[in-house]
DNA sequence: TCCATTATGCTCAGGATAAGTATAATACGA
DNA sequence: TCGTATTATACTTATCCTGAGCATAATGGA
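Here you go:
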């Protein structure tokens, strides 16, 4: 490695690295995340940990009693501006996305599953655009845009608001979860922004979290919403056997919007990701559905080929 | 944050975090990366740095004299197994992808641009599949697959080799850069694997790098190859004015494969990402081409909508 | 003048996609 | 027992996207 001028006089450049998990499950058509009070499962990366992932697994299992299955890295954040002191050692958060099922949870821990739309009420468009966007978010963002001094900044702000929240007849893009959160933060419309010593009134509903955990959660949701469209990751969240409608409901729960039923089936079937078990679903209203299971053998191929998701236009 | 059992007795869980940059440019149809001897530009994250990105920018500018433009985070690695001692403090590498142009480089630094295919000769398929895949890579991987004890592992290995390298009449997937590197590492066919105390002979050509920098480079190439298909990032690598063929050659250089010319133009034009400057290219063979410039105004919209790339089947 | 070379316009077939129509199978209440 | 609500599943249709190829235009040089 090449030498370079040192930026600080300090000789030890030690930082503390936290491992943070966004642990997701879908139960009865509702997406859930694992929380401990107002925090995500997390803990420091320690000497004893052989790797980042094993460290994360150790912490999550200790705190929630839940063994981690599928895991992928999300993003690494440094806390900027939280502590005003530039001399204080840095704290880094390395975040991960984990996918499981809600069962097999140890009940004696402080860990709980909670619906992720409690933290992001504006993200659930399954029953149409939620009213709070037109009633609260849009007007507040318009006011924020107007409050800029120069006309060009005003324009840029309102364009940004319109794009991220699908205002002015623009299409809603469900993947922009993080952009929407950051916009609300910058506009000081959520508790985290007020807490971090910005002016404002936290006008937009939705549960806040400790430090930057809600930002990390937004990152995880955005990643998952993007990924279900080209990788068969939904199956990590499904039980061993399921009907096609249950699969569809899970996808819709994650994407926060509805899907064309017939086309969804066609897509799933032509991908050859599932096979019939031969059994039928019991205890249903209406005509009983065939049960399917995931074809694990195809994953190796499909992990490469890609999977898509047909979102409705309306 | 919830309490949890400590995994180690040590009370200080300090780690050292390195910032590593994969800095990319494309000059005359060749993709280049910034190197300092056999390393990527890098340096420790220090107290004085306000954020990870500013720290990275400081290091890269100090080491290369090159100001960083577009930057995005890639991945965070921890060195596992390099030092066998589990007690030694961890070293974390937070890697970034940066895009620029080769000009405006300070020439007195030790930093140099080098072609990225020198590090990954098997990744350049612009003139068809490179011969070294059939001559060296494929046979060595087959031998590695056969060397497994159980039949099931043998099958899994050869299937993995076939998928990642497009063997047995499978299609080449240019995005699997990291998977290919990791496969060669596991099969002990490259110098890094031999160095890290595995058996083997490093039979596959290609320049190695310090520590895990070549793995980081593979991560960066893979990310860039995926991203040019749905975000207009190519323009960060182009001069202010360019012909459509120059743009195409840059895309091909990055993707490592050719593109259908007419369809490429159709796609670019219908996306409305560029506009004519009115001038024509000078000093050409054949019919002179129109010069185009990137429409910066569209980025805000397009950053959302997505861009695609028409790869040829052949 | 002919040819090599690059630019650019246009067509066409096949496949994917969104959306709608129609029919089948079940439970339940009047 | 007969509708009716509800869900499952099979087809149809129109449109758009994509890969691929053909044709023509403009330039310089032999």
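Chains as they are written, first to last, in the working numbering: chain A, 1 to 314; chain B, 1001 to 1314. Where is the CB? At the ideal position from N, CA and C, for every residue including glycine.
Buried or exposed by the 16-neighbour rule on C-beta atoms within 10 Å, applied to residue i
i	result
residue 70 of chain A	exposed
residue 1146 of chain B	exposed
residue 135 of chain A	exposed
residue 252 of chain A	buried
residue 1021 of chain B	buried
residue 1029 of chain B	exposed
residue 1212 of chain B	buried
residue 1287 of chain B	exposed
residue 1032 of chain B	buried
residue 285 of chain A	exposed
residue 1015 of chain B	buried
residue 1081 of chain B	Only weak support is given to the placement of residue 1081 of chain B: the predicted model assigns it a pLDDT of 48, under 50, and the value that follows is read from those uncertain coordinates. Classification for residue 1081 of chain B: exposed.
residue 1128 of chain B	exposed
residue 1153 of chain B	exposed
residue 1151 of chain B	exposed
Neighbour flag for residue i against chain B, beta carbons, 9 Å
i	result
residue 51 of chain A	yes
residue 75 of chain A	yes
residue 45 of chain A	yes
residue 66 of chain A	no
Where residue i meets chain B, residues with beta-carbon distance less than 8 Å
i	result
residue 218 of chain A	What residue 218 of chain A touches in chain B: nothing, since even the nearest Cβ is about 16 Å away.
Cβ shell of residue i (< 6 Å), same chain only, five flanking positions each side left out
i	result
residue 109 of chain A	64 and 65
residue 140 of chain A	189 and 203
residue 1279 of chain B	1291
residue 101 of chain A	25
residue 93 of chain A	18, 20 and 77
residue 235 of chain A	294
residue 1118 of chain B	1207
residue 1297 of chain B	none
residue 1072 of chain B	1097
residue 79 of chain A	91
residue 227 of chain A	233
Residues near residue i in its chain [Cβ-Cβ closer than 8 Å; skip 5 each side]
i	result
residue 1185 of chain B	1192, 1193 and 1215
residue 200 of chain A	187, 188, 189, 193 and 194
residue 142 of chain A	158 and 161
residue 1138 of chain B	1161, 1165 and 1167
residue 1225 of chain B	1174, 1175, 1177, 1254, 1255 and 1256
residue 1111 of chain B	1034, 1035, 1036, 1041, 1063, 1064, 1065, 1066 and 1105
residue 130 of chain A	121, 122 and 124
residue 1038 of chain B	1207, 1208, 1209, 1210 and 1213
residue 306 of chain A	Bear in mind that the predicted position of residue 306 of chain A carries a pLDDT of just 44, short of 50, making it too unreliable to give a figure here.
Beta-carbon neighbours of residue i, restricted to chain A and to distances below 7 Å
i	result
residue 1187 of chain B	Neighbours of residue 1187 of chain B on chain A: none; closest Cβ ~17 Å, over 7 Å.
Contact with chain A by residue i, beta-carbon distance below 9 Å
i	result
residue 1112 of chain B	no
residue 1078 of chain B	yes
residue 1094 of chain B	yes
Beta-carbon neighbours of residue i, restricted to chain A and to distances below 8 Å
i	result
residue 1090 of chain B	17, 45, 47 and 49
Sequence-distant residues of the same chain with beta carbon closer than 7 Å to residue i, five excluded per side
i	result
residue 170 of chain A	162 and 163
residue 46 of chain A	55
residue 1183 of chain B	1160, 1161 and 1164
Proximity test, residue i beta-carbon vs the ligand ATP heavy atom, cut-off 8 Å
i	result
residue 1178 of chain B	By its list of ligands, the structure shown contains no ligand whatsoever, and the ligand ATP lies outside what it can speak to.
Original post:
Quick one: any contact between the stretch 1253–1262 of chain B and the stretch 1110–1127 of chain B, if contact means 3 or more CB pairs under 8 Å?
Top reply: yes
Original post:
Is the stretch 1054–1061 of chain B touching the stretch 1272–1279 of chain B, taking contact as three or more C-beta pairs under 8 Å?
Top reply: no
Original post:
Does the stretch 232–249 of chain A come close enough to the stretch 263–272 of chain A to have 3 or more Cβ pairs within less than 8 Å?
Top reply: yes
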